[in-house]
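2 protein chains.
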Amino acid sequence: MGVAASGRPVTPDVAERVQALARSIWPDGRVRISYHPQCFQEQGHFAGSDEARADALVELANDPAVDALWIARGGWGAARIVDMVLPRLKRAAHGKSYMGYSDAGTLLAALYARGIGRQFHGPMPVDIVREGGEAAVARALRWLVDQDEESLEASVRATDKPVAAFNLTILSHLMGTPWLPDLSGHVLMLEEVGEYVYRIDRALAQVTSSPAVRVAAGIRLGRCSDIPPNDPDFGRDEETVAREWCMRSGIQWLGRADIGHDVANKVVPFGRP
Amino acid sequence: MGVAASGRPVTPDVAERVQALARSIWPDGRVRISYHPQCFQEQGHFAGSDEARADALVELANDPAVDALWIARGGWGAARIVDMVLPRLKRAAHGKSYMGYSDAGTLLAALYARGIGRQFHGPMPVDIVREGGEAAVARALRWLVDQDEESLEASVRATDKPVAAFNLTILSHLMGTPWLPDLSGHVLMLEEVGEYVYRIDRALAQVTSSPAVRVAAGIRLGRCSDIPPNDPDFGRDEETVAREWCMRSGIQWLGRADIGHDVANKVVPFGRP
Numbered sequence: 003m004g005v006a007a008s009g010r011p012v013t014p015d016v017a018e019r020v021q022a023l024a025r026s027i028w029p030d031g032r033v034r035i036s037y038h039p040q041c042f043q044e045q046g047h048f049a050g051s052d053e054a055r056a057d058a059l060v061e062l063a064n065d066p067a068v069d070a071l072w073i074a075r076g077g078w079g080a081a082r083i084v085d086m087v088l089p090r091l092k093r094a095a096h097g098k099s100y101m102g103y104s105d106a107g108t109l110l111a112a113l114y115a116r117g118i119g120r121q122f123h124g125p126m127p128v129d130i131v132r133e134g135g136e137a138a139v140a141r142a143l144r145w146l147v148d149q150d151e152e153s154l155e156a157s158v159r160a161t162d163k164p165v166a167a168f169n170l171t172i173l174s175h176l177m178g179t180p181w182l183p184d185l186s187g188h189v190l191m192l193e194e195v196g197e198y199v200y201r202i203d204r205a206l207a208q209v210t211s212s213p214a215v216r217v218a219a220g221i222r223l224g225r226c227s228d229i230p231p232n233d234p235d236f237g238r239d240e241e242t243v244a245r246e247w248c249m250r251s252g253i254q255w256l257g258r259a260d261i262g263h264d265v266a267n268k269v270v271p272f273g274r275p
Numbered sequence: 003m004g005v006a007a008s009g010r011p012v013t014p015d016v017a018e019r020v021q022a023l024a025r026s027i028w029p030d031g032r033v034r035i036s037y038h039p040q041c042f043q044e045q046g047h048f049a050g051s052d053e054a055r056a057d058a059l060v061e062l063a064n065d066p067a068v069d070a071l072w073i074a075r076g077g078w079g080a081a082r083i084v085d086m087v088l089p090r091l092k093r094a095a096h097g098k099s100y101m102g103y104s105d106a107g108t109l110l111a112a113l114y115a116r117g118i119g120r121q122f123h124g125p126m127p128v129d130i131v132r133e134g135g136e137a138a139v140a141r142a143l144r145w146l147v148d149q150d151e152e153s154l155e156a157s158v159r160a161t162d163k164p165v166a167a168f169n170l171t172i173l174s175h176l177m178g179t180p181w182l183p184d185l186s187g188h189v190l191m192l193e194e195v196g197e198y199v200y201r202i203d204r205a206l207a208q209v210t211s212s213p214a215v216r217v218a219a220g221i222r223l224g225r226c227s228d229i230p231p232n233d234p235d236f237g238r239d240e241e242t243v244a245r246e247w248c249m250r251s252g253i254q255w256l257g258r259a260d261i262g263h264d265v266a267n268k269v270v271p272f273g274r275p
């Protein structure tokens, strides 16, 4: 397994704790996690320059010895490098799994749109710093290593429809770009963190009014955490606005999804389960 | 002139101060500003329900006695009602001027996309509460009443290209929607307020990677004010990232624009000057 950071960096401590966790689950040592040194670089906000981040991703994606490319952390940065990564991906990149969420969703979207590898919306190494974060990271590892179905978001196991999962703000910023995949017939799962309800409302207004999203089979709303208080009170919560936009747009409301910026975040495979 | 609020409300005090300003400029009383009572309604975040805001806009837009429809304030709300307004606009709506900025940009965009009236990105009644705000409001009034060219953004007077101006976040949320106008050959002016540089960067990544924006003649960056400090320091300012995205996308960088969330905000007519 190879780890690169498309957005913000992680510390070596994160790498060591994830290694230790993997060794405790698979004491036979068959799970090898290789952190590209780029993960620990810092350049202002980012884990190294655009070139460094793109090069690390391309190197690991094109390495036939790497089965899964795991994004270390989100934060903002994937959309700065996606056009530097895609044209350089070779045959080995197609046989791979890719996992991440939040900002990394841009990369997953672009890979899915081009049919490169299998994409999974799920926990990242950085999640180990959360309280109880080992559970999230173990869930991601158990999926990538053993395809343990316990790691999957429950509704994914119950549908035969293709699925896609995004951070809502990231999907909002994919609209109109060449990185947005064809969402026809998809169950679309959306989660959010740290945004005012008025911004959740605004992003939902955008995505549900878009023809590219109206072709989806329906929307499931993941957890929206750390919502700052609105002044004045917004008068609606995130589920109210999501249901409202589904009704107005004719997109089916399918209920909640068990994903979010937290340790309970489950794995969602892009495409048909 | 009729005033309606597509997003947040204003207080009667704003209306009175703008009336007094208009009377001081045109003592003959020929400028009559009619505030729809909806401007002062409050429903949570909004100036009344979606229906109330849409109804007020439609009523004023369809009133042949109203020459200009002036949006009272931004804040968030126009995209919630644009699809309730457009289908109800009648002949009188086509002969009208529409002015506003920030959140009201969604309405201007949709009207411009459908060729309904003339749209102007410029100060709103609520700007009178800013320090020195009378200058901004007088500039808007002088344009709407007398087509005073001193009110116009300087570069608009020097170009024969069509122009469009937006708040960057609003344009980002127009991407992929049916409300985005054809920007082919346009000088695109973008301003921002209250967003981290990483978010400005993220929104610019989106809009400049979109084929719908790459057809523009070029980008001019307005003022980006009240930028919260990034932690860690982002290492680039708003002009650096705008220039960078122009270079990467092949969109021409045309320099700065004299627009922004401030009292110096000039008037930008949509389309050909």
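Sequence order for the protein chains is A and B. Residue 142 in the numbering used here is what sits at position 140 of the first sequence, and the numbering runs on without skipping anything. Residue 257 in the numbering used here is what sits at position 255 of the second sequence, and the numbering runs on without skipping anything. We put the beta carbon where it would ideally sit given N, CA and C, even for glycine. All of these numbers come straight from a predicted model, not from anything done at the bench.
If you draw a 10 Å sphere on the C-beta of D260(B), you find 16 or more other C-beta atoms in it, and that means buried. A Cβ-Cβ contact shorter than 9 Å links A106(B) with S8(B).
Distance from the CA atom of D203(A) to the CA atom of R34(A), rounded to whole angstroms, is 42 Å. With a cutoff of 9 Å on beta-carbon distance, Y100(B) and G119(B) are scored as near each other. Within 10 angstroms of the beta-carbon of R201(A) lie 16 or more other beta-carbons, which makes it buried. L109(B) and A80(B) have their C-alpha atoms spaced approximately 6 Å apart. Think of a sphere of 7 Å around the beta carbon of G50(A): no beta carbon from chain B falls inside it, the nearest being about 12 Å out. Chain A has a Cβ within less than 9 Å of the Cβ of Q208(B).
Between the segment 43-61 of chain B and the segment 256-271 of chain A there are fewer than three C-beta pairs closer than 8 Å, too few to call the two in contact. Annotation: F236(A) to A214(A) spans about 28 Å, alpha carbon to alpha carbon. By the Cβ neighbour-count rule, E193(B) is buried, with 16 or more other Cβ atoms within 10 Å of its own. Residue range 199-211 is occupied by the alpha helix (DSSP H) that includes L206(A). In chain order, M177, G178, T179, P180 make up the part of chain B whose C-beta sits under 9 Å from the C-beta of S212(A).
The Cβ of N232(B) sits closer than 9 Å to at least one Cβ of chain A. Taking all protein chains shown into account, G124(A) has 16 or more neighbouring C-beta atoms within 10 Å of its C-beta and is therefore buried. Excluding its 5 nearest sequence neighbours in each direction, S104(B) has C-beta neighbours in its own chain below 6 Å: G76, N169, listed in chain order. When 8 Å is used as the limit between beta carbons, R204(B) is near these residues of chain A: W78, A81, H175, in chain order.
Per the C-alpha coordinates, the member of G257(A), L59(A), W145(A) positioned closest to L154(A) is W145(A). Of all residues in the segment 26-52 of chain B, the ones placed with a Cβ closer than 9 Å to any Cβ belonging to chain A are E44, Q45, G46, H47, F48, in chain order. Within a 10 Å sphere around the beta-carbon of E197(B) sit 16 or more other beta-carbons, which makes this residue buried. Around the beta-carbon of G4(B), 16 or more other beta-carbon atoms lie within 10 Å, marking it buried. I73(A) is bridged by DSSP to A6(A).
Annotated three-state conformation of E246(A) is helix, per DSSP.
Listed along the chain, the chain A residues whose CB falls inside 7 Å of the CB of Y200(B) are H47, W78.
Shown here, Y114(B) sits in a helix according to DSSP, grouped into three states.
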